[in-house]
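Engineer: If you want the working numbering, it's the position in the sequence shown, counting the first as 1, plus 22. For glycine and all other residues, C-beta sits at the position ideal for the given N, C-alpha and C.
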Amino acid sequence: MATRKTSSGWQVDLRLDGRGFRRARRTFETKGFKVHTVPITPELAEELPTRPQGRLLRTCYMARTAVKRAGIELPRRQCAHVLRHNPERATSS
Numbered sequence: 023m024a025t026r027k028t029s030s031g032w033q034v035d036l037r038l039d040g041r042g043f044r045r046a047r048r049t050f051e052t053k054g055f056k057v058h059t060v061p062i063t064p065e066l067a068e069e070l071p072t073r074p075q076g077r078l079l080r081t082c083y084m085a086r087t088a089v090k091r092a093g094i095e096l097p098r099r100q101c102a103h104v105l106r107h108n109p110e111r112a113t114s115s
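#1: For Phe55 and chain D, any beta-carbon pair shorter than 7 angstroms?
#2: Which first and last residues belong to the alpha helix (DSSP H) in which Pro64 is found?
#3: Would you kindly work out how many angstroms separate the C-alpha atoms of Glu65 and Ala92, rounded to a whole number?
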């Protein structure tokens, strides 16, 4: 998940489209309307579609489904918080 690997916010990730990833970097606009660019790992770059169209996650429900499919176990009601602030708590099954 991009949130865990770039420390962006959950709402930022929900607005993210494929254009936000270029040359092993992720660029997004924060809620303060500042543009923020961070490097992404080679593993995350490989997980992304080569030419993504539109938003990568349409709703928070799709984001949660993606977390479950990835086999990440999180405390109840902590998905967004843990993914952003405490990635060491998220463990793969």
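Structural biologist: By the coordinates alone:
#1: The question asks about chain D, but that chain is absent: this structure has only one protein chain.
#2: Residue mapping note: residue 64 aligns to position 42 of the sequence shown, counting from 1. Segment Pro64 to Glu69, the alpha helix (DSSP H) holding Pro64.
#3: Translated into positions along the sequence shown, residue 65 becomes position 43. Translated into positions along the sequence shown, residue 92 becomes position 70. Rounded to whole angstroms, Glu65 to Ala92 spans 14 angstroms at the Cα level.
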